[in-house]
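Visitor: Heads up: the sequence shown at position 23 corresponds to 97 in the numbering used here, and the numbers run straight through without jumps.
Backbone N, C-alpha and C fix where the C-beta goes; we use that ideal spot for every residue, glycine too.
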Amino acid sequence: MNITPVTILTDIRTFFTMARAVVKGRYKMPWKTFVWVLVCMAYFLSPIDLLPDIVPLLGFADDGAFIIYVLLLVHQDLEKFRRDQADVIEAEIIDEKELKK
Numbered sequence: 075m076n077i078t079p080v081t082i083l084t085d086i087r088t089f090f091t092m093a094r095a096v097v098k099g100r101y102k103m104p105w106k107t108f109v110w111v112l113v114c115m116a117y118f119l120s121p122i123d124l125l126p127d128i129v130p131l132l133g134f135a136d137d138g139a140f141i142i143y144v145l146l147l148v149h150q151d152l153e154k155f156r157r158d159q160a161d162v163i164e165a166e167i168i169d170e171k172e173l174k175k
C-alpha cells in the first residue's frame, strides 16, 4: 500500500463523506471502522495525551500521528466506500414507461 500525503487527505475527505452517508442511513459503516474513529476522536479531543498539546510541535505531533495511524487502519474501508459510491453514481435510472415498451 502506497500511502502519500494526497492519499491521507483523500481518506480524510472520504471519511467525512462516509460519515454523512451513515448519518443519513445511506451507508452502513463497518463496526471496526466506527470503533477506531470513535477512539481517534476521543484521543484527539481529550486533554490527556501522551505529549501535552502545550509542548511546542510535539504536542500536536502525537495527535497527528495517531490520526494517520487510524486512517491507515481504516483505509481499505474507505476505499470500499469510494468504490460503492462510484457504482451508485454510474447506475442508470430507467423510467417505468421505458420498461413497459
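1. Would you call Met92 buried or exposed, if buried means 16 or more other Cβ atoms sit within 10 Å of its Cβ?
2. On the CB-based measure, 16 or more other CB atoms within 10 Å of its CB, does Thr78 come out buried or exposed?
3. Quick check: what's the CA-CA separation for Cys114 versus Leu125?
4. Within 10 angstroms of the Cβ of Asp151, are there 16 or more other Cβ atoms? Answer buried if so, exposed if not.
5. Could you tell me the alpha carbon to alpha carbon distance between Leu146 and Leu83, rounded to whole angstroms?
6. Cβ of Phe118 within 9 Å of Cβ of Ile141?
7. How many angstroms separate the CA atom of Ala116 from the CA atom of Arg156?
8. Go ahead and label Val148 buried or exposed: buried means 16 or more other beta carbons lie within 10 angstroms of its beta carbon, across all protein chains shown.
9. Have a look at Tyr143 and Gln159 and give me their C-alpha separation to the nearest angstrom.
Guide: Checking against the coordinates, here is how it stands:
1. Looking at its Cβ environment, which holds 16 or more other Cβ atoms inside 10 Å, Met92 is buried.
2. Here Thr78 is exposed: its Cβ has fewer than 16 other Cβ atoms, across all protein chains shown, within 10 Å.
3. Computed Cα separation, rounded: 15 Å.
4. Taking all protein chains in view, the Cβ of Asp151 is crowded by 16 or more other Cβ atoms within 10 Å, so the residue is classified as buried.
5. Cα to Cα, the separation comes out at about 12 Å.
6. Their beta carbons are under 9 Å apart, which means Phe118 touches Ile141 by this criterion.
7. Cα-Cα distance, rounded: 25 Å.
8. Buried is the label assigned to Val148, since at least 16 other Cβ atoms lie within 10 Å of its Cβ.
9. Near 24 Å, if we compare the C-alpha coordinates of Gln159 and Tyr143.
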